[in-house]
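Enquirer: Just dropping this structure here.
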Amino acid sequence: MSQPETRGFQTEVKELLQLMIHSLYSNPEIFLRELVSNASDACDKLRFEAVSDDALYEGDESLRIRVSFDEAAKTVTIEDNGIGMNRDEVIENIGTIARSGTKAFIQKLGQDKSKDLSQIGQFGVGFYSAFIVADEVSLTTRRAGMGPEHGVKWTSRGEGEYTLETVDKPERGTTIVLHLRDDHTDFANDWRLRSTIRKYSDHITFPVEMLKVPAPKADDAEEKTEETAEWERINDAQALWVRPKSEITDDEYTEFYKHVGHDWEAPLAWTHNRVEGKTEYTSLLYIPARAPFDLWDRESKQGVKLYVKRVFIMDDAEKLMPRYLRFVRGVIDSADLPLNVSREILQSNRVLDTIRQGSVKRVLGMLDQMASNDAEKYAKFWGTFGQVLKEGVGEDFGNREQIAGLLRFASTQAGSDEQNVSLKEVIGRMQEGQDEIYYIIADSYAAALASPHLEIFRKKGIEVLLLWDRIDEWLMSQLTEFDGKKFKSVTRAELSLDEAAEDEPEAKETQDALVERLKKTLGDQVDDVRISKRLVDSPACLVTTEEEMSLHLQRLLKEAGQAAPTVKPILEINPQHQLLQRAANETDDARFEDIARVLLGQAALAEGGHLSDAADFVTRLNRLLV
Numbered sequence: 000m001s002q003p004e005t006r007g008f009q010t011e012v013k014e015l016l017q018l019m020i021h022s023l024y025s026n027p028e029i030f031l032r033e034l035v036s037n038a039s040d041a042c043d044k045l046r047f048e049a050v051s052d053d054a055l056y057e058g059d060e061s062l063r064i065r066v067s068f069d070e071a072a073k074t075v076t077i078e079d080n081g082i083g084m085n086r087d088e089v090i091e092n093i094g095t096i097a098r099s100g101t102k103a104f105i106q107k108l109g110q111d112k113s114k115d116l117s118q119i120g121q122f123g124v125g126f127y128s129a130f131i132v133a134d135e136v137s138l139t140t141r142r143a144g145m146g147p148e149h150g151v152k153w154t155s156r157g158e159g160e161y162t163l164e165t166v167d168k169p170e171r172g173t174t175i176v177l178h179l180r181d182d183h184t185d186f187a188n189d190w191r192l193r194s195t196i197r198k199y200s201d202h203i204t205f206p207v208e209m210l211k212v213p214a215p216k217a218d219d220a221e222e223k224t225e226e227t228a229e230w231e232r233i234n235d236a237q238a239l240w241v242r243p244k245s246e247i248t249d250d251e252y253t254e255f256y257k258h259v260g261h262d263w264e265a266p267l268a269w270t271h272n273r274v275e276g277k278t279e280y281t282s283l284l285y286i287p288a289r290a291p292f293d294l295w296d297r298e299s300k301q302g303v304k305l306y307v308k309r310v311f312i313m314d315d316a317e318k319l320m321p322r323y324l325r326f327v328r329g330v331i332d333s334a335d336l337p338l339n340v341s342r343e344i345l346q347s348n349r350v351l352d353t354i355r356q357g358s359v360k361r362v363l364g365m366l367d368q369m370a371s372n373d374a375e376k377y378a379k380f381w382g383t384f385g386q387v388l389k390e391g392v393g394e395d396f397g398n399r400e401q402i403a404g405l406l407r408f409a410s411t412q413a414g415s416d417e418q419n420v421s422l423k424e425v426i427g428r429m430q431e432g433q434d435e436i437y438y439i440i441a442d443s444y445a446a447a448l449a450s451p452h453l454e455i456f457r458k459k460g461i462e463v464l465l466l467w468d469r470i471d472e473w474l475m476s477q478l479t480e481f482d483g484k485k486f487k488s489v490t491r492a493e494l495s496l497d498e499a500a501e502d503e504p505e506a507k508e509t510q511d512a513l514v515e516r517l518k519k520t521l522g523d524q525v526d527d528v529r530i531s532k533r534l535v536d537s538p539a540c541l542v543t544t545e546e547e548m549s550l551h552l553q554r555l556l557k558e559a560g561q562a563a564p565t566v567k568p569i570l571e572i573n574p575q576h577q578l579l580q581r582a583a584n585e586t587d588d589a590r591f592e593d594i595a596r597v598l599l600g601q602a603a604l605a606e607g608g609h610l611s612d613a614a615d616f617v618t619r620l621n622r623l624l625v
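Rendered as structure tokens:
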């Protein structure tokens, strides 16, 4: 044994521990689910590594998890004979949280201390849930394949420091001892532990064992010893996904999801399928009810677990599911992949390509069914994962049409900012002869709804989709048509509503003269000045051509600190507006310039843009007011 070494936790770990120690949680039993789940992962990893090196079993291939308690000492012990850890792995896995988004996650938890840590498993730090019920935790571990003298003992009271020491550990694996807080000593109880394990860990694929409780005997009650004690399995220990669907209850599906998804809440939906033929595999895939904290981290390594003949291979196989479906949880068990499959082999494996294609079809089909049969549930899904699903339009060309059918929008017809309008509904409401789906992208719902570009559409009763998510510019650059109908931005200069527009009574020569005078006055600030067919109440608006970047996208790029080409807008005017009629009759060139520049500034502001010279705009506006 070595002298104990004291180390400090990483700052984020300290904050996480303080949240658990000093906050109230409605579900303290979450700790047992997380620690048993971690033990299961350790057994999975040993079984996988032993495929290529069976010496790691050290003569004992029987993998199991054991849970025990000592009522007098107020302790609970969780032990496994899985892969174990060496000293460096203990420091890396328990003393540090080296993951992006850590700070934001902890701050989110701290904002509502009345909630339990139901996301802790999704975050990948389930071990720390031990401090919900314990005021001291010790962990003793040895990595499989290393000698007994390489055992490591980790101890902490969760107060900013932990101690490490080298110890002898004859058996491989990990043992965790929790010294329970006074208000959680109820867990040092056989019935409480058994019922909690059966509730949350029944589908762990390794035996979870507890000491068998012997029938009471008055004459030898004091003769029980550890040597005569018998361990018994208390969980089902059968891979749920290999069982026939007809034998699995909804509650069993839900509890398995909570295990595999490290979630506390029931899933929205799931699909369980066995595929036979050229490629044989079983899939059990879930749609969560809420987003994990790292949903927007496209490099996050959580998702679908890959098994081969019920042997766990990896839990972050990128090729099992595309990035736009990264919220999907579950398992895929293949009968055709080799047990010693590597990430390199997975990158170019035809079997995996087939499994991926089939699994994506299953998920999209499940979403189609949800959208058709349960609008309320689908609305919840869309509110949580809609922006992620939009990524699929550009990433998955083969399923683009189906993904587009799952998209939901707000529209001028809906009357609220709820995104619940499908493209099929829009097409079903199209006016006779209309062959384009119209849309506008703005900074917010209010900005989109108030845009002057919509005036002629309102007048003619034509529906327009309202978009304001940051991803929408990219989305509409990828989504060019749906069901034979092309998409058209109402802010593009090439917009043609000539058939619907009324003839302008203003004499053509007067309009042409006004246009030429505005062009000359505004100079290189605009690309062109034109008479508008889309304006009814507003004096002017800005548009761009199909080939040029939209003004909204230019602003987004600049706000993100990226270089964006400067595109000169086209100024469209409404000759019937009083301000334009006043401009047409203005003989003073200086006042005409004030009107022209105020018109341009107003049009930019209506687009959600910024004025290049706000002081000049205010000065000219004041002069006109005076």
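Numbering (numbering that gives the first Met the number 0), first residue to last: 0 to 625.
Each residue gets a CB set at the ideal place from its N, CA and C atoms; glycine is no exception.
Only a predicted model underlies this, so the values are computations on that prediction, with no experimental measurement involved.
H551 bridges to which residues according to DSSP?
Expert: Answer is none; H551 lacks a bridge partner.
Enquirer: Around the C-beta of L604, are 16 or more other C-beta atoms found within 10 angstroms, so that it is buried, or is it exposed?
Expert: Taking all protein chains shown into account, L604 has fewer than 16 neighbouring C-beta atoms within 10 Å of its C-beta and is therefore exposed.
Enquirer: DSSP three-state call for R529: helix, strand or coil?
Expert: For R529, the secondary structure class from DSSP, reduced to helix, strand or coil, is strand.
Enquirer: Take the Cβ of T618 as the centre, count every other Cβ of all protein chains shown within 10 Å, and call the residue buried at 16 or more, exposed below.
Expert: exposed
Enquirer: Look at D185 and R191 and say whether their C-beta atoms are less than 7 angstroms apart.
Expert: yes
Enquirer: Using a 10 Å radius around the Cβ and a threshold of 16 neighbouring Cβ atoms, would you call L31 buried or exposed?
Expert: buried
Enquirer: Could you check which residue in T76, T173, A38 and S128 has the C-alpha nearest to that of N85?
Expert: Looking at the Cα atoms, T173 is the closest of the given residues.
Enquirer: Return yes when the Cβ of E462 is within less than 7 angstroms of the Cβ of S410, no when it is not.
Expert: Yes.
Enquirer: Looking at C-alpha atoms only, which residue of D189, E251 and T195 is the closest neighbour of W230?
Expert: D189
Enquirer: Quick one, are the C-beta atoms of V566 and E545 less than 7 angstroms apart?
Expert: no
Enquirer: Got a sec, what are the start and stop residues for the beta strand (DSSP E) V542 sits in?
Expert: A539 to V542
Enquirer: So the beta strand (DSSP E) H178 belongs to, where does it begin and stop?
Expert: G172 to L179
Enquirer: Would you decide whether R349 is buried or exposed? Buried here means 16 or more other CB atoms lie within 10 Å of its CB.
Expert: R349 should be labelled exposed.
Enquirer: Taking 6 angstroms as the cut-off, is the C-beta of Y444 nearer than that to any heavy atom in the ligand PLP?
Expert: In the structure shown, the ligand PLP is absent, as is every other ligand, since no ligand is present at all.
Enquirer: Taking buried to mean at least 16 other C-beta atoms within 10 Å of its own C-beta, is Q356 buried or exposed?
Expert: So Q356 counts as exposed.
Enquirer: Quick check on DSSP: helix, strand or coil for S208?
Expert: Before going on, a small fix: residue 208 reads as Glu here, not Ser. The answer is strand: DSSP assigns E208 an E or B state.
Enquirer: Tell whether a beta-carbon distance below 7 angstroms holds between A441 and G302.
Expert: Contact flag unset, no.
Enquirer: My understanding is that A236 touches T204, with C-beta atoms under 8 angstroms, so please give their C-beta distance in whole angstroms.
Expert: 6 angstroms
Enquirer: Using the three-state DSSP reduction, which class does K519 fall into: helix, strand or coil?
Expert: helix
Enquirer: What residues in its chain sit with their C-beta under 7 angstroms from that of V535, if we drop five residues either side in the sequence?
Expert: E454, I455 and K458
Enquirer: Run through DSSP, which three-state label would H271 get?
Expert: Residue state, collapsed to three classes: strand.
Enquirer: Are there 16 or more other CB atoms within 10 angstroms of the CB of D612, so buried, or fewer, so exposed?
Expert: exposed
Enquirer: Could you say if the region 322-329 and the region 274-287 meet the contact criterion of at least three C-beta pairs nearer than 8 angstroms?
Expert: yes
Enquirer: With DSSP run on the structure shown, which of helix, strand or coil describes G7?
Expert: strand
Enquirer: Does the beta-carbon of Q553 have 16 or more other beta-carbons within 10 angstroms, so that it is buried, or is it exposed?
Expert: Note on Q553: 16 or more other CB atoms within 10 angstroms of its CB, so buried under the neighbour-count rule.
Enquirer: DSSP three-state label for T586, please.
Expert: coil
Enquirer: Write down every uninterrupted run of the beta strand (DSSP E) in the region 386-440 whose length is 3 residues or greater and which is fully enclosed by it, in chain order.
Expert: Taking only runs of at least 3 residues, the beta strand (DSSP E) segments lying wholly in the region 386-440 are 435-440.
Enquirer: Please name the residue or residues paired with M313 in a DSSP beta bridge.
Expert: L305
Enquirer: Could you tell me the boundaries of the beta strand (DSSP E) in which W153 lies?
Expert: G150 to S155
Enquirer: By DSSP's criteria, I572 is part of a beta bridge. Which residues make up the other side?
Expert: I530 and A539
Enquirer: Quick check: is the beta carbon of A378 nearer than 7 angstroms to any beta carbon in chain C?
Expert: Judged by its chain identifiers, the structure shown contains no chain C, having just a single protein chain.
Enquirer: Can you tell me whether A499 is helix, strand or coil according to DSSP?
Expert: Its pLDDT being 43, under 50, A499 is placed unreliably by the model, and nothing is read from it.
Enquirer: Alpha carbon to alpha carbon, how far is P3 from T165? Give it in angstroms, no decimals.
Expert: 8 angstroms
Enquirer: Going by alpha carbons, who is nearest to E60 out of L620, F68, T140 and A49?
Expert: The candidate whose alpha carbon is nearest that of E60 is A49.
Enquirer: For V528, collect the residues of the same chain with a Cβ closer than 6 angstroms to its Cβ; drop the 5 residues on either side in sequence, then sort them by chain order.
Expert: Here the set comprises V514, L517, K518 and L570.
Enquirer: Grouping DSSP H, G and I as helix and E and B as strand, with all else coil, what is S69?
Expert: The displayed chain sequence assigns Asp, not Ser, to residue 69. Reduced to three states, the DSSP call for D69 is strand.
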